[in-house]
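Peer 1:
In this note's numbering, the protein residues as written are 955 to 1448.
Quick look at the structure:
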């Protein structure tokens, strides 16, 4: 079955959602339109003969598919204005004309505008007035220089029945405000077998033509720092530290603090979980110590309660970026006289003060998350993330009754993820109908075009099939709902 790529609607409707400027790509569907010099072909707007012979109209569909000829040095090239420090996606439909093709791969390169030839200013002209050679990138050596690449990907023959699929390349523009999109097909190079020796660029396609269509370049918006995300299992057991703070039971005043050890703190760390319990070691070790227990009481009575901290610490790893500590509580039966806290603390470099103590109390099973922004994590500060169990030293005889908290990594698959992973749409490309294969009942489908406009809505899905015959040719996003679960699929309408 033809591979279908997931793409959240948010990606392609980002201009509507966030207001960022969308790039202008001329003739992204490779229609047969006029180009500079008066001729026409599906490569209009995509010509730079300095780095590849022009792509041409395909024999499959001479109006809206560009072909990279077999045994020739064909390529397509176009310069596009972009926003700096922004994330983009480039989506592309492609065909390999024969399952036995010697074409090794299609190469897609996003080239840096900062590496255009000296003195050149991009024009971003429409096809009828666009330059066709000696501009932007003037040599293949420039194209092949990886220092000039924003991003690069290769596409190998998909091996499906149609030899037809879609791909997506995601990249960040960094400091670039202009890019060039460059696409070519690569097969074994043999100058003696080249189909057009007068235009040999030193590379050539394999023995069957390659077709490309429906290119979509989308601006996802300014990239924000992804920051650091850690969970209870990110660090090894050896990296965990224990430190106790003791407080007076009588007035809650801080009394003293001291380093402890992880095993006696009753924090048990394995490769799959961290188990938190009240501290029992102090009960026996300090029974005769008046600082801990009332020596005049008839029974052993604590005069201190403790904040038993178990944590991972760094003074370099987490500075300068947002930090999120998240996880999942798989078991919770801690006695109500004790509190379990998940925290991120930021301390002065000399440990003289706590500058940030962001925390959340754990009271039941489920996910937890704590975040501290980069602005609070400046260079040189000490950062700790971990857990506290707060309460009096406990009698070991009561260990079972006092319970515990078991935490681990946050589950990665949401309900929507599970729904999407078990969902397929076919045929793709489609002519009249799209069928939806799912074990769940489909409650509705919305169809969006590539600029984020809803063009079709089906609220009564009969036999998990929708009629798309009224849609124009091109790429669309299906937003498929089943109850509260939503998944998106990309389709091509022929």
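In this text, a Cβ means the ideal position worked out from N, Cα and C, and glycines have one as well. None of the values given here were measured: they were computed from a predicted structure.
Could you tell me the alpha carbon to alpha carbon distance between residue 1047 and residue 1093, rounded to whole angstroms?
Peer 2: Distance between the alpha carbons of residue 1047 and residue 1093 is about 27 Å.
Peer 1: Tell me the start and end of each unbroken beta strand (DSSP E) in the stretch 1097-1170 that is at least 3 residues and wholly inside, in chain order.
Peer 2: DSSP runs (the beta strand (DSSP E)) wholly in the stretch 1097-1170: 1103-1109, 1118-1126 and 1132-1140.
Peer 1: What are the boundary residues of the beta strand (DSSP E) that residue 1238 is part of?
Peer 2: First-last for residue 1238: 1235-1239, but that is the alpha helix (DSSP H), not the beta strand (DSSP E).
Peer 1: Is residue 1441 buried or exposed, if buried means 16 or more other CB atoms sit within 10 Å of its CB?
Peer 2: With 16 or more other Cβ atoms within 10 Å, it is buried.
Peer 1: With a threshold of 8 Å, establish whether the CB of residue 1071 neighbours any heavy atom of the ligand COA.
Peer 2: Among the components of this structure there are no ligands whatsoever, and the ligand COA is therefore not found.
Peer 1: Buried or exposed: where does residue 1208 fall if 16 or more other Cβ atoms within 10 Å of its Cβ makes it buried?
Peer 2: The residue in question, residue 1208, is exposed, as its Cβ has fewer than 16 Cβ neighbours within 10 Å.
Peer 1: Starting from the N-terminal side, write out each stretch of the alpha helix (DSSP H) that is 4 residues or longer and does not extend beyond the stretch 1194-1266.
Peer 2: DSSP runs (the alpha helix (DSSP H)) wholly in the stretch 1194-1266: 1235-1239.
Peer 1: Just curious, the alpha helix (DSSP H) that residue 1353 is in, first and last residue?
Peer 2: Element bounds for residue 1353: 1353-1356.
Peer 1: State buried or exposed for residue 1265, treating a residue as buried only when at least 16 other CB atoms are found within 10 Å of its CB.
Peer 2: Under this definition residue 1265 is a buried residue.
Peer 1: Can residue 1449 and residue 1075 be called in contact, C-beta distance under 9 Å?
Peer 2: Limits of the chain in this structure are 955 at one end and 1448 at the other, which puts residue 1449 out of reach.
Peer 1: Is the separation between the beta-carbon of residue 1340 and that of residue 1279 shorter than 9 Å?
Peer 2: Yes. Within cutoff.
Peer 1: Count the other CB atoms, across all protein chains shown, that sit within 10 Å of the CB of residue 1032; report buried if there are 16 or more and exposed otherwise.
Peer 2: Classification of residue 1032: buried, given that the 10 Å Cβ count is 16 or more.
Peer 1: For the stretch 1275-1322, which segments carrying the beta strand (DSSP E) assignment without a break, of at least 3 residues, lie completely within its bounds, in sequence order?
Peer 2: Counting whole runs of 3 or more residues, the stretch 1275-1322 contains the beta strand (DSSP E) stretches 1277-1286, 1293-1301 and 1308-1316.
Peer 1: Do you know how far the Cα of residue 1408 is from the Cα of residue 1400?
Peer 2: Roughly 7 Å separates the two Cα atoms.
Peer 1: In chain order, what residues of the same chain lie with their CB nearer than 6 Å to the CB of residue 1312, ignoring the 5 residues before and after it?
Peer 2: Correct list, in chain order: 1298, 1324 and 1326.
Peer 1: Any contact between the stretch 1093-1110 and the stretch 1055-1072? By contact I mean 3 or more CB pairs, one from each, below 8 Å.
Peer 2: Contact holds: three or more Cβ-Cβ distances are below 8 Å.
Peer 1: Given this structure, state the Cα-to-Cα distance separating residue 1084 from residue 1314, to the nearest angstrom.
Peer 2: So the two alpha carbons sit approximately 59 Å from each other.
Peer 1: Of all the options 1284, 1293, 1295 and 1268, which has the alpha carbon lying nearest to the alpha carbon of residue 1303?
Peer 2: Out of 1284, 1293, 1295 and 1268, 1268 has the C-alpha closest to the C-alpha of residue 1303.
Peer 1: From the DSSP output, read off the bridge partner residues of residue 1175.
Peer 2: Looking at the DSSP assignment, residue 1175 forms a beta bridge with 1041.
Peer 1: Three-state secondary structure (DSSP) at residue 1016?
Peer 2: Because residue 1016 carries a pLDDT of 48, less than 50, the predicted location of this residue cannot be relied on, and the following value inherits that uncertainty. Correct three-state label for residue 1016: coil.
Peer 1: Give a yes or no on whether the C-beta atoms belonging to residue 1004 and residue 1087 are separated by under 9 Å.
Peer 2: Yes; because the gap between Cβ atoms is below 9 Å, this pair is in contact.
Peer 1: Tell me, please, which residues DSSP counts as bridged to residue 1396.
Peer 2: Paired residue(s): none; residue 1396 is not in a bridge.
Peer 1: If we count Cβ pairs, one from each stretch, closer than 8 Å, do we get three or more for the stretch 978-997 versus the stretch 1117-1128?
Peer 2: Contact fails: fewer than three Cβ-Cβ distances are below 8 Å.
Peer 1: Taking the beta strand (DSSP E) that residue 1411 belongs to, which residues open and close that run?
Peer 2: Taken as a continuous stretch (DSSP letters only), the beta strand (DSSP E) holding residue 1411 covers 1408-1412.
Peer 1: Hey, residue 1028 and residue 1010: beta-carbon distance below 9 Å or not?
Peer 2: Yes, Cβ-Cβ distance for residue 1028 and residue 1010 is below 9 Å.
Peer 1: Taking only three categories from DSSP, how would you classify residue 1373?
Peer 2: Note: residue 1373 maps to helix in three-state DSSP.
Peer 1: Would you report the Cα separation of residue 1216 and residue 1294, rounded to the nearest angstrom?
Peer 2: The alpha-carbon atoms of residue 1216 and residue 1294 are separated by roughly 16 Å.
Peer 1: Please classify residue 1379 as buried or exposed, where buried requires at least 16 other C-beta atoms within 10 Å of its C-beta.
Peer 2: That one is buried.
Peer 1: Going by DSSP, what residue range makes up the beta strand (DSSP E) through residue 1341?
Peer 2: 1336-1345 is the span of the beta strand (DSSP E), which, as asked, contains residue 1341.
Peer 1: Here's a check: name, in chain order, each residue in its chain whose Cβ is nearer than 6 Å to the Cβ of residue 1435, leaving out the five neighbours to either side.
Peer 2: Contacts found: 1397 and 1398.
Peer 1: Ends of the beta strand (DSSP E) at residue 1427?
Peer 2: Unbroken run through residue 1427: none, as it is neither H nor E.
Peer 1: Excluding five sequence neighbours on each side, which residues of the same chain lie with their C-beta closer than 7 Å to the C-beta of residue 1158?
Peer 2: Closer than 7 Å at the Cβ level, and outside the excluded window around residue 1158, lie 1025, 1026, 1027, 1141, 1143 and 1148.
Peer 1: Give the straight-line distance between the Cα atoms of residue 1428 and residue 1117, rounded to the nearest whole angstrom.
Peer 2: The alpha-carbon atoms of residue 1428 and residue 1117 are separated by roughly 18 Å.
Peer 1: Please return the same chain residues whose Cβ sits closer than 7 Å to the Cβ of residue 980, not counting the five positions on each side in sequence.
Peer 2: Around residue 980: 999, 1032, 1080 and 1081.
Peer 1: Is the beta carbon of residue 1166 closer than 9 Å to that of residue 1020?
Peer 2: Against a cut-off of 9 Å, the Cβ pair of residue 1166 and residue 1020 comes out as a contact.
Peer 1: Please tell me whether residue 1041 and residue 1173 are closer than 9 Å, where the distance is taken between their beta carbons.
Peer 2: Contact: yes.
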